[in-house]
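What follows is one structure encoded as structure tokens, with my remarks underneath.
In full-length UniProt numbering, the protein residues as written are 1 to 186.
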């Protein structure tokens, strides 16, 4: 962690202003983990060269066993907070990107189908307010959309326009390993 004080300030701001119901913890190694319904959430990253990094969630249940992301969203649906979980995971990834010293100029942050199903309009507005609150620039983050949107060109364009209006570029998940210039929607 290049700037532990900065990370601590960001984590505290998230706790107080954005996700007071989702516990966050800075571990000894300087990474940030979160809790959701007795599940332990962490960030993992894959390097995609010039396209930057791609974040994804790692989840373990109370016994320490791996718990899949699909099952996690199914569990969140029982509580009616799939959209909040989605935003929390992306925020957790932001914090861990900072914890790592922001090694990628651009970081891909996946959006779940659950979020797109629950949020009909203004995609990106809530997440942009989180970035603004944390003082992080939106142009460093690429919203990675589910490939299921590719089958509905109208919906895909609508969602992309929504995110663009809040300063984000988007990519479909399947295009993420392709060079950014060829697949980013600006």
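Built from N, CA and C at the ideal position, the CB exists for glycine as well.
Could you check how far apart the C-beta atoms of residue 63 and residue 53 are, in whole angstroms? I think they sit under 8 Å. For this step, residue 63 is matched to residue 63 along the chain shown. For this step, residue 53 is matched to residue 53 along the chain shown. That belief does not hold up - the Cβ atoms of residue 63 and residue 53 are roughly 30 Å apart, past 8 Å.
Note down the Cα distance separating residue 42 from residue 122, rounded to an integer number of angstroms. Against the chain shown, residue 42 aligns to sequence position 42. Against the chain shown, residue 122 aligns to sequence position 122. Those two C-alpha atoms are separated by around 27 Å.
Three-state secondary structure (DSSP) of residue 102: For the purposes of this step, residue 102 is taken as the residue at position 102 of the chain shown. Here DSSP, grouped into helix, strand and coil, assigns residue 102 to coil.
Note down, one range per segment and in chain order, each beta strand (DSSP E) of at least 3 residues found wholly within the segment 102-178. Listed in chain order, the complete beta strand (DSSP E) runs (minimum 3 residues) inside the segment 102-178 are 107-110, 141-145 and 169-172.
Residue 85 versus residue 72: straight-line alpha-carbon distance, rounded: Residue numbering aside, residue 85 sits at position 85 when the chain shown is read from its first letter. Residue numbering aside, residue 72 sits at position 72 when the chain shown is read from its first letter. Cα to Cα, the separation comes out at about 9 Å.
Measuring alpha carbon to alpha carbon, tell me which of 6, 114, 10 and 4 ends up nearest residue 134. As a working mapping, residue 134 is identified with position 134 in the chain shown. Each of 6, 114, 10 and 4 was checked against the Cα of residue 134, and the nearest Cα belongs to 10.
Assuming residue 138 and residue 131 are in contact, meaning their beta carbons sit under 8 Å apart, how far apart are those beta carbons, in whole angstroms? Within the chain shown, the letter at position 138 stands for residue 138. Within the chain shown, the letter at position 131 stands for residue 131. Yes, residue 138 and residue 131 are in contact; Cβ-Cβ is about 5 Å, under 8 Å.
Status (buried if at least 16 other CB within 10 Å, exposed otherwise) for residue 154: On the chain shown, position 154 is the one that residue 154 refers to. It counts as exposed.
What residue range does the alpha helix (DSSP H) around residue 5 cover? To locate residue 5, count along the chain shown from 1; it is residue 5. Note, residue 5: alpha helix (DSSP H), 4-13.
Among 117, 164 and 126, which has the Cα closest to the Cα of residue 149? The residue labelled residue 149 in the question sits at position 149 within the chain shown. Here the closest residue by C-alpha is 117.
Contacting residues, own chain, Cβ-Cβ under 7 Å from residue 99 (five flanking each side not counted): Your numbering for residue 99 matches position 99 in the chain shown. Within the same chain, Cβ atoms closer than 7 Å to the Cβ of residue 99 are found at 1, 7, 30, 31 and 32, the five residues on either side in sequence being excluded.
For the alpha helix (DSSP H) that residue 31 lies in, which residues bound it at each end? By one-based count along the chain shown, residue 31 stands at place 31. Premise fails: residue 31 is in no alpha helix (DSSP H) and is neither H nor E.
Which residue from 172, 136 and 152 puts its Cα closest to that of residue 97? Your numbering for residue 97 matches position 97 in the chain shown. Closest option to residue 97, Cα to Cα, is 136.
What is the rounded straight-line gap between the Cα of residue 180 and the Cα of residue 70? Here the question's residue 180 lines up with position 180 in the chain shown. Here the question's residue 70 lines up with position 70 in the chain shown. Below a pLDDT of 50, predicted positions are generally treated as unreliable, and residue 180, at 40, falls in that range; the measurement from the model is reported next regardless. Residue 180 and residue 70: Cα-Cα distance of roughly 27 Å.
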